[in-house]
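Read the structure below first, then the notes.
Residue numbers (mature numbering (1 follows the signal peptide of the UniProt record, and there is no 0)): -17 to -1, 1 to 223.
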């Protein structure tokens, strides 16, 4: 009987010694697993943030292309509508002074003034040589109603359009710069026999039209004698 009691007592003490140790081991395993789960969640969250950031960046990068290709241009009263594949831009007619001030600022070194401080319309902004000849033709400051850069902008540039329209008026793209316009004029002068024909008409009082290519598109330059009256696209951006 004493041996049985002693055996039971020993077994009881052994159980108390083993169970806490086993419990501690299981608790340690649980903490390890839980820690791994937390790390996995943090990793997933970081990956999501990175992915979201990349998606946002890509969206910003393609934003300038959102409108897609230009579909049509419509003039309604004093508003000019540029319709794209997925949106539109609206340009309202502006005062002629916007173009005048822009030209005066951009060509400040070429501008001449009269005794009253007004810009001379005859101020030569750019001189173009006629290939094969010693003569030149000139792009002047001009006037909205007659010729020169101010006339070109107020009639054919959406940012400076003053509301004047003609049947099937055409427009440059909104991002066309003054330098771009100069390059277009030069390309038309250099195209085919245009320089020869311009030379033959230098003393002409009437206006003459000359078509030519620039970057794959057709443009028309209107000349009166040695002066550039206007320039505008022929193969694209015709308004309805």
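Even for Gly, the Cβ is constructed at its ideal location relative to N, Cα and C.
These figures come from a predicted structure and were not determined experimentally.
Name the two residues that bound the continuous alpha helix (DSSP H) containing residue i.
i	result
residue 137	131 to 139
residue 167	161 to 173
residue 177	177 to 183
Residue i to residue j, Cα distance in whole Å?
i	j	result
residue 162	residue 86	11 Å
residue 224	residue 96	No answer is possible for residue 224: the residues shown for the chain start at -17 and end at 223.
residue 177	residue 151	24 Å
residue 210	residue 123	7 Å
residue 188	residue 51	44 Å
residue 65	residue 98	42 Å
residue 71	residue 118	44 Å
residue 81	residue 157	15 Å
residue 41	residue 114	Residue placement at residue 41 is flagged as unreliable, the pLDDT there being 38, under the threshold of 50; a coordinate-derived value is accordingly withheld.
residue 134	residue 206	13 Å
residue 175	residue 101	39 Å
residue 220	residue 88	27 Å
residue 166	residue 59	31 Å
residue 112	residue 77	34 Å
residue 91	residue 180	32 Å
residue 198	residue 155	13 Å
residue 121	residue 149	25 Å
residue 139	residue 84	17 Å
residue 131	residue 160	15 Å
residue 129	residue 55	28 Å
If you check the beta carbons only, do residue i and residue j fall under 9 Å apart?
i	j	result
residue 171	residue 214	yes
residue 116	residue 182	yes
residue 79	residue 145	yes
residue 212	residue 168	no
residue 74	residue 53	no
residue 69	residue 93	no
residue 173	residue 208	no
Quickly, what does DSSP pair residue i with across the bridge? List them, please.
i	result
residue 216	202
residue 112	119
residue 222	56
residue 156	DSSP output for residue 156 lists no bridge partner at all.
residue 210	121 and 207
Output needed for residue i: all residues of its chain with C-beta closer than 6 Å, excluding positions within five of it in sequence on either side, in chain order.
i	result
residue 184	191
residue 57	64 and 223
residue 141	63, 74, 154 and 157
In terms of residue numbering, what span does the beta strand (DSSP E) encompassing residue i cover?
i	result
residue 86	No beta strand (DSSP E) contains residue 86, which is instead part of the alpha helix (DSSP H) from 79 to 89.
residue 194	190 to 197
residue 73	70 to 75
residue 66	62 to 67
Who are the near neighbours of residue i in its chain, counting only those whose CB is closer than 8 Å to its CB and skipping five residues on each side?
i	result
residue 31	Low confidence applies to residue 31: its pLDDT is 46, below 50, so where it sits in the model is not reliable enough to give any reading.
residue 137	79, 82, 127, 143, 144, 145 and 147
Enumerate in chain order the residues of its own chain whose CB-to-CB distance from residue i is below 7 Å, with the five nearest sequence positions on each side excluded.
i	result
residue 200	216, 218 and 219
residue 164	135 and 214
residue 61	75, 76 and 146
residue 125	104, 131, 132, 133 and 134
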